[in-house]
Each structure stands twice: as C-alpha cells, then as structure tokens.
Amino acid sequence: MSDWTSGAEAIVYQSCASCGAVQYCRRSFCSVCGAPDPQEKRASGAGTVYATSLVCRAATPETRAHVPYNIVLIDTAEGFRMMGHGENDLAIGDKVNARFAQFAGRLVPYFEKAK
Amino acid sequence: MSFITGVGLTSFGKHEGSSSLDLMSKAAELAIADAGLKRSEIDGILCGYSTVSPHIMLATVFAEHFGIRPSYAHAVQVGGATGLAMTMLAHHLVDAGVAKHVLVVGGENRLTGQSRDASIQALAQVGHPDYEVPLGPTIPAYYGLVASRYMHEYGVTEEDLAEFAVLMRKHALIHPGAQFHDPITVADVMASKPVAKPLKLLDCCPVSDGGAAFVISRERTGDVGVRIRGCAQAHTHQHVTAAPALNELGAEIAIAKAKAISRVAISDVRYAAVYDSFTITLAMLLEDLGLAKRGEAAARVRAGHFNHDGAMPLNTHGGLLSYGHCGVGGAMAHLVETHLQMTGRAGNRQVRDASLALLHGDGGVLSSHVSMFLERVR
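Chains as they are written, first to last, in the numbering used here: chain A, 2 to 116; chain B, 720 to 1097.
Here it is in structure tokens:
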C-alpha cells in the first residue's frame, strides 16, 4: 500500500495480527513480538498534537523557501505516533486532521485543527 | 579496575587550516604527555567519527597518522554519547587485560572544514530517512519538539531554559579555551533569533573546531588517581517519533544501573558533568539524573547551586553551550574538565571538592545514554 513517503496521499501503518501492536515505520515484522507480515492499514489522519517545533532556521535552499514551518508529532487515533507538518499555531492537545501539502518537492502530511 | 591517567583538550572555536586528524593528534599528544607515557606505550585506540572527513576505518587512519601500532583499535559511533561510550569500553578493555593503556580520542574541524548548513544537514540525518528527514527537521527541531512537550508537562518556561545558557556562558568566561567570552543575560537569550521554537540561537550549542583525548590505564601513572568507579548505558530508541514518554527516557535507566554498579548515591556526588547540546537537554538530564526535582532545575541554577562555589558545580568549563561543540570531542571536554577538577588542576575554576563526579552523555535525540561515576583515589 503506497503512502506519502512514496508520493501518495495516504498515511499507512502496520498492525500485528499476533500481538495487536501497531507500528508506523514499515517493516516486514512486528517490532514488539517479531511475528512476520504485519497487516498494512490506512490511517484516518485524525489525531492529537503531542509536540510542536516551528522551524525558523533551515539548512537547504529548498527547505529555506518554506520557513517558518511547523514540525509536529501527532498521536494518531489508530494509536501510533508520527511526525508531520502542521498549522503554525497548533498547540499541544489540539485535535487535528491530516491533509497533504507540497514541501521541498515532496508530498508531506499537514495537520489542521479539527473543525 | 581502571584509571583515567591523562587528559588533553584543545581550545574550541576556529582552528583555521587544521584537519580533523590534526586536532585529534594535538589532543592525543597532550593526553599522553599528561599521563606521563610515551606514545609507544599506547596499545589500544578508540576514536570517534568526523562528519567533515568520514572514513570507514578512522582509528587505523589516525594510528598511522599519529605513528603508533596498537594491538586494539576501532571507531565508535553513538552521537553525543560517543566520548563516554568509548571511555566505558576502554574501562572494560583494560579491566579485562586486553590493553594496558587505551587512547580515547575525538576531534573535528567542524566549523572551518564545512559550511554551517552542511553541519546542520549532516546532523539532521539522525532522523528517520523516510518518515522524518523529508519533512525538513533539524537537530534543534528534534529537541524543540522535546522541549515543547517537557515545558507543557512540567511547567518549565523559556526563561527557565535561558538560565542554563547564562550559567554555561558564565563558566566559559574564565576558561581561556572556550569559544565564547562575552557575558550574556536571560534577556539576551530571550531576544536571540528563533531557530526551532521554543529554542532560540542562544539555547543551542555552537559548531566548533577542536579536539579532546584521554588515556585509560589499568594502573595509575601519577600520585592522584582518577578511577572509573562504574558506568552503564541505555538505548531506548533512535528517532524522536519512537521515543518513550518523558519519564521513561534512557537517562533514568542508565543512571539507575550506574548507581547500582558503582554503589553510589546521588547525594555522594560532588561534581557534575552533563551533556548540554541545548538548554533543554541540560534541564531534562539534570532532572532525569536526580540532580534536581522535576521542573526545578532552573530554580537551582538561579539559587547558585551549580556554580563553582555551589553545592553541585556543573560543567565548569562552559559545556557544549559555551566552551563549544566539535562533535565527538565536544562532550569529551566535560571529562577533561572533570579530571582537572578532581586532580586540583583547574586553576581559577577550581572547586572545593570534586572527589566524586557524575558524568552523563546523550546521543541522538535522547536516544543513547551513558552514565559514569569517577572517584579520586590517593
């Protein structure tokens, strides 16, 4: 299943049929119990802001064009944590939903406050 | 048993025209002379890495350059925890009889050897290549994320964090080797340019050229011995996305193990050397290690607790924040200063009693931790 890391408008995670653990970074096994072939699932994009950092000093010409941009950690409704971009005024605890945005020639998840 | 028998440290800042190998050599020479040894007596080498001159076999590159033929040599890579991780390994190597005198060395021309952008970019690669790095985070952003959460959970403010920058600068003012010698105030830190909120320029360590080295030996070579009483590591994650909760980080695990191995309590500690890549790093680690209660480290700074003449002198050379940060050698400067304090050689920075010291290093984004206790033996 393709996701934003390969240019598709989706957030994908894996779920272990054996122990029930969920993981975000794709692997061919469950990182908790080691069982093979965790099931790939598409996440809803809903979650809660865990942490934020507004980047004001970037290191490449491509990323500098976007300054300032907000790097956020989101605790997703499905139970895994992920990094994304978000509205600049997001606060810890805010309920958010994902859309997708262009950043430095790539598609990235962008979280907005839930209406 | 193992002793730190010699230490060497260059000034940090600009060393125009010096390569990483030059800086490593300079520090190594100082450490070997300090131990009262000849370079031919060094039979083990552990070295860090250089982002300016990456090499798959840096230890043997260095050994050849420096002119020694050790019976044990390799590089170690644990980010900011590398210096203490090498010291821990050297401790076990000499204790097991694998080598008699292990040279631990790190040095890099990180400031003049590459652009600041190149340094920031190289370091950002500790993030996940598929799930984090494409989002354009920087090391300050990884720590900025941690800072935002820590401030949220424990009521720490940006002014609280600024206190640590001011303290480290105050200490650097009286060390001639430090990169920065201009005094700063909390207001200066607050007014400095935002880098990755809540972190501002003066919350961040600089990029430096410099080198540091130690010799770890099976027997002491001088009158005053600095013995490695015990040490331990903990590694809970690599990427900030996968980090555990703030009260379950590796510093707490490493220090608990180190205390048990060393049979030492925090109340026995007289001097502290704690990794301080950012103000938030230092604030969190002091609290994780038990050198301050949760959310109270800044209050202890304001009360003078961590001053030269305070109850727990901390990073009296100025730390990464103000002595400077040249990569692996950066946090090794903490151990060099600790050794000088323990052996009564810190001059106008000398503290009253540094008979038992706690050192702590952190690599990645609070990913890898090494805690170590040193004790003075006469």
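No residue lacks a Cβ here, since even glycine has one placed at the ideal position from N, Cα and C.
All values derive from a computational prediction rather than experimental measurement.
Quick check on residue i: buried or exposed, where buried means 16 or more other Cβ atoms within 10 Å of its Cβ?
{"i": "B/Glu882", "result": "buried"}
{"i": "B/Ser834", "result": "exposed"}
{"i": "B/Asp1081", "result": "buried"}
{"i": "B/Arg948", "result": "buried"}
{"i": "B/Lys745", "result": "buried"}
{"i": "A/Gln103", "result": "exposed"}
{"i": "B/Met887", "result": "buried"}
{"i": "B/Gln1060", "result": "buried"}
{"i": "B/Pro895", "result": "exposed"}
{"i": "A/Lys96", "result": "exposed"}
With DSSP as the reference, label residue i as helix, strand or coil.
{"i": "B/Ile723", "result": "strand"}
{"i": "B/Asn1067", "result": "helix"}
{"i": "B/His793", "result": "strand"}
{"i": "B/Arg1013", "result": "coil"}
{"i": "A/Lys114", "result": "strand"}
{"i": "B/Asp762", "result": "coil"}
{"i": "B/His1088", "result": "strand"}
{"i": "B/Ala991", "result": "strand"}
{"i": "B/Glu938", "result": "coil"}
{"i": "B/Gln898", "result": "coil"}
{"i": "B/Asn966", "result": "helix"}
{"i": "A/Gln24", "result": "strand"}
{"i": "B/Leu892", "result": "coil"}
{"i": "B/Met743", "result": "helix"}
{"i": "B/Val1047", "result": "helix"}
{"i": "B/His811", "result": "helix"}
{"i": "A/Tyr14", "result": "strand"}
{"i": "B/His1079", "result": "strand"}
Of all Cβ atoms in chain A, is any one closer than 8 Å to the Cβ of residue i?
{"i": "B/Arg868", "result": "yes"}
{"i": "B/Thr876", "result": "no"}
{"i": "B/Val926", "result": "no"}
{"i": "B/Leu864", "result": "yes"}
{"i": "B/Thr770", "result": "no"}
{"i": "B/Ala884", "result": "no"}
{"i": "B/Ala881", "result": "no"}
{"i": "B/His871", "result": "yes"}
{"i": "B/Pro913", "result": "yes"}
{"i": "B/Gly798", "result": "no"}
{"i": "B/Gly1014", "result": "no"}
{"i": "B/Gly855", "result": "yes"}
{"i": "B/Thr955", "result": "no"}
Is residue i close to chain B, meaning its C-beta is less than 8 Å from at least one C-beta of that chain?
{"i": "A/Leu74", "result": "yes"}
{"i": "A/Arg58", "result": "yes"}
{"i": "A/Ser45", "result": "no"}
{"i": "A/Ser54", "result": "yes"}
{"i": "A/Phe30", "result": "no"}
{"i": "A/Cys26", "result": "yes"}
{"i": "A/Tyr1", "result": "The first residue shown for chain A is 2 and the last is 116, placing residue 1 of chain A beyond what the model contains."}
{"i": "A/Phe101", "result": "no"}
How is the alpha helix (DSSP H) around residue i delimited, first residue to last?
{"i": "A/Ile72", "result": "No alpha helix (DSSP H) holds A/Ile72; the beta strand (DSSP E) holding it covers 70-77."}
{"i": "B/His954", "result": "No alpha helix (DSSP H) holds B/His954; the beta strand (DSSP E) holding it covers 944-954."}
{"i": "B/Ala984", "result": "Element bounds for B/Ala984: n/a, residue is neither H nor E."}
{"i": "B/Gly1123", "result": "A query on residue 1123 of chain B cannot be resolved here, the shown segment of chain B reaching from 720 to 1097 and no further."}
{"i": "B/Gln1104", "result": "Any answer about residue 1104 of chain B is impossible in this case: the structure gives chain B only from 720 up to 1097."}
{"i": "B/Asp1072", "result": "First-last for B/Asp1072: undefined, no H or E at that position."}
{"i": "B/Leu822", "result": "Careful: B/Leu822 lies outside any alpha helix (DSSP H), inside the beta strand (DSSP E) at 820-828."}
List the endpoints of the continuous beta strand (DSSP E) containing residue i.
{"i": "A/Leu55", "result": "47-56"}
{"i": "A/Met84", "result": "82-87"}
{"i": "B/Ala915", "result": "913-915"}
Q. Going along the stretch 827-853 of chain B in order, which residues come within less than 7 Å of chain A, judged by CB to CB distance?
A. From the stretch 827-853 of chain B, only Asp836, Ile839, Gln840, Ala843, His847, Asp849, Tyr850, Glu851, Pro853 have a Cβ closer than 7 Å to chain A.
Q) Which residues, taken in chain order from the stretch 1037-1061 of chain B, show a beta carbon closer than 9 Å to some beta carbon of chain A? A) Contacts with chain A (Cβ-Cβ distance below 9 Å) from the stretch 1037-1061 of chain B involve no residue at all.
**Q.** Members of the stretch 987-1000 of chain B that neighbour chain A once the beta carbon cut-off is set at 7 Å
**A.** Within the stretch 987-1000 of chain B, no residue has a Cβ that lies closer than 7 Å to any Cβ of chain A.
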